[in-house]
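Report on the following structure.
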Amino acid sequence: NAAGAINESYRVGEFCIMADQLNFTGRNPVTGTEPDAMAPRFFSMMDAYDPALRALAHRVADALSVPVQEGVYLGLLGPSFETPAEIRMFRTWGADTVAMSVCEEVIAARHSGMRVLGISLVSNMACGVEGASPSDEEVHEVGLARQEDFCRLIAGILEAE
């Protein structure tokens, strides 16, 4: 996914391997009348992002000279970008990046026993960080500029796994 950097040491165009997440979408895909149909209703989210896959992603990124960070992803409902006040609050919660996807998919994947690797493209600095005011155009442009390295990274991870 594409995410805004809350962590001021991150740079636009870097990739961020997700170490954990904060789900503030207000939604959980396991909620429902038949949550036990696929797997037990209550399950652990410990190591939701598989540590071995994260280590593999770091090794591949190093071998390919693709810059990566690792951090905590915060997911929101959107579709508006966050306010500077929200970003300041999220930073105190330990969030490094923020965007409008991923959390629900990770919960569903973990519920069914899947291993998960999450990688964000830092497509912009979050609102107010270094004076940033994110736009959809910026996210799209950075995505296009970094697609080759993203494809190399994913291909390298799949080949190594």
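Under my numbering, the first residue of the sequence shown is numbered 227, with each subsequent residue one higher. Positions of the beta carbon are idealized from the N, C-alpha and C atoms, including for glycine.
In this structure the region 345-357 does not lie against the region 265-276, because fewer than three pairs of beta carbons, one per stretch, are closer than 8 Å. Bridge pairing for Phe241: Val294 and Leu347 [DSSP]. Judged by their CB atoms, Phe376 and Val294 are not nearer to each other than the 8 Å cut-off.
Secondary structure of Val324 (DSSP, three-state): strand. The count of Cβ pairs closer than 8 Å, one atom from the region 358-369 and one from the region 275-289, stays below three, leaving the stretches out of contact. Contact between the region 247-264 and the region 312-331 is established, with three or more Cβ pairs separated by less than 8 Å.
One thing to note: Ala231 has its Cβ within 8 Å of the Cβ of Thr323.
Under a 10 Å Cβ-count criterion, Leu347 is classified as buried, with 16 or more other Cβ atoms of the shown protein chains found around its own Cβ. For the pair Val292 and Arg378, the CB atoms are nearer than the 8 Å cut-off. In the structure shown, the three-state DSSP call for Asp246 is strand. Ala229 carries a strand assignment under DSSP once its states are collapsed to helix, strand and coil. When rounded, the separation of the alpha-carbon atoms in Arg336 and Val342 is 7 Å.
Taking all protein chains shown into account, Ala321 has 16 or more neighbouring C-beta atoms within 10 Å of its C-beta and is therefore buried.
If you look at Glu374, you'll find it in the alpha helix (DSSP H) that goes Asp362 to Ala386.
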